[in-house]
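Chains as they are written, first to last, in our numbering: chain A, 1 to 187; chain G, 1001 to 1182.
Every residue, glycine too, gets a C-beta built ideally from N, C-alpha and C.
Model, not experiment: these values are computed from the prediction.
The structure under discussion appears below in the form of structure tokens.
Next comes the structure, spelled out in structure tokens:
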């Protein structure tokens, strides 16, 4: 995300902090709330999203230098607001609680992440391969080679990647506030 | 990353068939003409080539006028398998099973690049597809295209009829009479 989205009066190349910040707003990134979580906080945050009326869009995974990077997307119908939760898992032990009890539709998304990346979802009712041949013996196919992985700075440059604690009311408040229009018109 | 030397092999289909009850040359020649003029395909549209196969069976490029009248859902009642689409590793044993369930004589048209050789999905370390359906069943006609046009599939049908009977029954495109407009 370079400063190609800068306003016209910055055409001569001045980068004001305000112009840089504008590139991270909802209109540009598609997220009204985009935060990092630690694996043990995911259930609590997802329960809160469920009570606020969000539905699950998808659960996807990425193999990056720092580990396995899970992304949950949520959205809702009645009010605007799209939420992305990002969780970084250790590659040697990629375990995370399954959100099947809250969103049953997560069952197949989690099976796909298990199938292609080897992420184990504890308490999943049926964690078997979804798309690959059941006789497939080998490493999960979408894991990347050592030299091919990118780092978080390349994928999400200039982002604060420390997990937001769900114990603090800050995250809960952000979930409730993410439909506020004064934040959403930022491009 | 998929393993370099992954060893997914599927058994080739069992192609043993009994001899025909009346095995005399003139009788077989006549019966072959009858068979070629009424090849009944299985509905085996797997991927995008299925769309072209559907339009091959519908009104404009009508396959019924050349004998491929009904697409049978059951392999027991069909004699032509048009493999239209990409065969994934998960699907491969089922393709073999369906082929073995077809009563002899039976023919296979590999339609589209995926059925011929894996098509656009072949890359180093690919993990998901069988690179060409001739790795698991014997193929009679190869039909390139991604997807081949319905006219291409019709031409494949004509070539199969030529293979069965020994002669071509329909004019080739360069010989076809083009109706001259006013």
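Rounded C-beta distance between residue 944 of chain G and residue 1088 of chain G? I'm assuming under 8 Å. Since the first residue of chain G shown is 1001 and the last is 1182, residue 944 of chain G is not available in this structure.
Reducing DSSP to helix, strand and coil, say where residue 95 of chain A ends up. strand
Could you please give me the residues that DSSP links to residue 1142 of chain G through a beta bridge? G:1110
Going by C-alpha to C-alpha distance, which of G:1027, G:1158, G:1046 sits closest to residue 1133 of chain G? G:1046
For residue 1019 of chain G, which of helix, strand or coil comes out of DSSP? coil
Within a Cβ cutoff of 7 Å, which residues of the same chain sit near residue 102 of chain A, ignoring the five residues on either side of it in sequence? 46, 47, 50
Name, going along the chain, the residues of the stretch 135-160 of chain A whose beta-carbon falls closer than 9 Å to a beta-carbon of chain G. 135, 136, 137, 138, 139, 140, 141, 142, 143, 144, 145, 148
For residue 64 of chain A, which beta-bridge partners are listed by DSSP? A:67
Extent of the continuous beta strand (DSSP E) run through residue 1133 of chain G: No beta strand (DSSP E) holds residue 1133 of chain G; DSSP gives it neither H nor E.
By the DSSP assignment, the alpha helix (DSSP H) with residue 84 of chain A in it spans what residues? Counting along the chain, residue 84 of chain A falls outside any alpha helix (DSSP H), though it belongs to the beta strand (DSSP E) covering 82-89.
For the stretch 1052-1063 of chain G against the stretch 104-114 of chain A, are there 3 or more C-beta pairs whose distance is under 8 Å? no
If we count the other Cβ atoms within 10 Å of its Cβ and call it buried at 16 or more, is residue 155 of chain A buried or exposed? exposed
Is it true that the CB of residue 1081 of chain G sits closer than 7 Å to the CB of residue 1044 of chain G? yes
Burial state of residue 1107 of chain G, where buried means 16 or more other Cβ atoms lie within 10 Å: buried
I believe residue 1083 of chain G touches residue 1110 of chain G by the beta-carbon criterion, under 8 Å. Please report the beta-carbon distance rounded to the nearest angstrom. 5 Å
So, helix, strand or coil for residue 175 of chain A, using DSSP? helix
Could you check whether the Cβ of residue 1124 of chain G sits closer than 7 Å to any Cβ belonging to chain A? no
Examine chain A for any beta-carbon lying closer than 7 Å to the beta-carbon of residue 1002 of chain G, and answer yes or no. Reliability of the predicted coordinates at residue 1002 of chain G is poor, the pLDDT of 47 falling under 50, and the value obtained from them is presented with this limitation in mind. Closer than 7 Å: yes.
Can you tell which of A:132, A:42, A:65, A:57 has the C-alpha that lies nearest to the C-alpha of residue 144 of chain A? A:65
In chain G, which residues lie less than 8 Å from residue 132 of chain A when you measure between Cβ atoms? 1089, 1090, 1127, 1128
Rounding to the nearest angstrom, what Cα-Cα distance links residue 960 of chain G and residue 53 of chain A in this structure? Because chain G here runs from 1001 to 1182, residue 960 of chain G falls outside it and cannot be looked at.
Compute the Euclidean distance between the alpha carbons of residue 1171 of chain G and residue 1155 of chain G, then round it to the nearest angstrom. 10 Å
In whole angstroms, what is the alpha-carbon distance linking residue 1166 of chain G and residue 116 of chain A? 49 Å
Kindly confirm or deny that the stretch 28-46 of chain A and the stretch 171-178 of chain A touch, where touching means at least three C-beta pairs closer than 8 Å. yes
Beta-carbon proximity check, residue 1112 of chain G vs residue 1150 of chain G, cutoff 7 Å: no
Tell me, to the nearest whole angstrom, how far the beta carbon of residue 1136 of chain G is from that of residue 1010 of chain G; I am working on the premise that it is less than 8 Å. 5 Å
In chain order, what residues of the same chain have a beta carbon less than 7 Å from the beta carbon of residue 1015 of chain G, not counting five sequence neighbours either side? 1138
Run through DSSP, which three-state label would residue 1048 of chain G get? coil
Expected contact under 8 Å - CB spacing of residue 1039 of chain G and residue 1067 of chain G to nearest Å: 6 Å
Among A:77, A:110, A:100, the one whose alpha carbon lies nearest that of residue 194 of chain A: Nothing can be reported for residue 194 of chain A: it is not among the residues displayed for chain A, which extend from 1 to 187.
Given 8 Å as the limit, is there contact between the stretch 33-44 of chain A and the stretch 72-84 of chain A, that is, 3 or more CB pairs closer than that? yes
Beta-carbon proximity check, residue 1042 of chain G vs residue 1072 of chain G, cutoff 7 Å: yes
Give me, in chain order, the residues of the same chain whose beta-carbon lies closer than 6 Å to that of residue 1142 of chain G; leave out the 5 immediate sequence neighbours on both sides. 1110, 1116
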